[in-house]
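Input: a single structure, listed below in structure tokens.
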Amino acid sequence: MPALMAILAIEQASMPLILMVLGIIKAHVNATGKFPSEDEIIAAIPIKAEAIKELWAAWDVTHPA
Amino acid sequence: MKRLTPLVLLVVMLGCASNPALSPKAQRAVQAGKVLDVVQALSETAINLNAVPSGQPGHLTNNDTRAVRDFALAIIPACQSYVDTGTFAGIQTALDSFGKALSANARVSVTLKAVWTLVQLQLAIISPLLANPMGGA
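Which chain is which? The protein sequence lines are A and B, in order.
Each step along the first sequence adds one to the number in the working numbering, with nothing skipped, and position 29 is 30.
Each step along the second sequence adds one to the number in the working numbering, with nothing skipped, and position 3 is 74.
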């Protein structure tokens, strides 16, 4: 729970980031029945990178070099 | 999730009031998450501009769109490295490459510059020393 507070209480936390962290927490709680640690939340944040990769992979299909 | 919502709101309010310390790695992860958010917006913008028919205002060429793509894909491991080690050399390298690859026409694209400003704002939180390849956006 302190980890959740720390992540969400940062003054500049944007709503998309808060929603992302909540999504991570929900998935972790559903999978394990426990709240994730700070490290587990940090490890899940780069999931955002996958959305960017998928975006460009789709563009590459229609625009081969 | 519905049961969690009131609890989360309470925790946020308590957290804001107590201003708890955030570990350096957690701070970097939050910053990197924000950078990736705006890089995703930049990517979507570039793809949309590329879809504008060639010859019409706002069109982004395939080469310039690839420059944005290469930057977006390079910034991902650079951000991960920043979270893990605190160094932003990889981010600077990605910015330098982007600056070299982008054409003069793309640099003056109003739409691209507007979104780039958001990227620059997030990167400035990591370090105000990071170069701006768009040139004073």
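Built from N, CA and C at the ideal position, the CB exists for glycine as well.
To the nearest whole angstrom, what separates the beta carbons of GLU39 of chain A and SER94 of chain B, a pair I think is in contact under 8 Å?
For the purposes of this step, residue 39 of chain A is identified with residue 38 of the first sequence, where counting begins at 1. For the purposes of this step, residue 94 of chain B is identified with residue 23 of the second sequence, where counting begins at 1. Their Cβ separation, rounded to whole angstroms, is 7 Å, which keeps GLU39 of chain A and SER94 of chain B in contact under 8 Å.
Once you ignore the five residues that flank GLN102 of chain B on each side, which residues in its own chain have a CB closer than 6 Å to its CB?
Residue 102 of chain B sits at position 31 when you count from the first residue of the second sequence. Answer for GLN102 of chain B: ILE196 and ILE197, listed in chain order.
Check whether the Cβ atoms of ASN203 of chain B and GLN191 of chain B sit closer than 7 Å, and answer yes or no.
Numbered from its first residue, the second sequence carries residue 203 of chain B at position 132. Numbered from its first residue, the second sequence carries residue 191 of chain B at position 120. Yes. Within cutoff.
Rounded separation between LEU120 of chain B and CYS150 of chain B - CA only:
Counting from 1 along the second sequence, the entry for residue 120 of chain B is found at position 49. Counting from 1 along the second sequence, the entry for residue 150 of chain B is found at position 79. Approximately 25 Å, taken between the alpha carbons.
Quick check on DSSP: helix, strand or coil for PHE36 of chain A?
On the first sequence, residue 36 of chain A is found 35 positions in, with the first residue counted as 1. The answer is coil: DSSP assigns PHE36 of chain A none of H, G, I, E or B.
Endpoints, the alpha helix (DSSP H) within which SER168 of chain B is located:
Along the second sequence, read from residue 1 onward, the residue named residue 168 of chain B stands at position 97. Segment 160-172, the alpha helix (DSSP H) holding SER168 of chain B.
Locate the alpha helix (DSSP H) running through SER114 of chain B, then write down its first and last residues.
Numbered from 1 along the second sequence, position 43 holds the residue referred to as residue 114 of chain B. Start and end: 95-122.
When you compare only the Cα positions, how much space is there between VAL30 of chain A and LEU200 of chain B?
Looking up residue 30 of chain A in the first sequence gives position 29. Looking up residue 200 of chain B in the second sequence gives position 129. In a straight line, the C-alpha of VAL30 of chain A is about 40 Å away from that of LEU200 of chain B.
In whole angstroms, what is the alpha-carbon distance linking ILE26 of chain A and ASP155 of chain B?
Within the first sequence, the letter at position 25 stands for residue 26 of chain A. Within the second sequence, the letter at position 84 stands for residue 155 of chain B. Their backbone Cα atoms lie some 21 Å apart in a straight line.
Does chain B have any CB closer than 7 Å to the CB of HIS29 of chain A?
Numbered from 1 along the first sequence, position 28 holds the residue referred to as residue 29 of chain A. No, no contact with chain B.
Please decide whether ARG140 of chain B counts as near chain A, where near means a Cβ-Cβ distance under 7 Å.
Position 69 of the second sequence holds residue 140 of chain B. Cβ-Cβ to chain A under 7 Å: yes for ARG140 of chain B.
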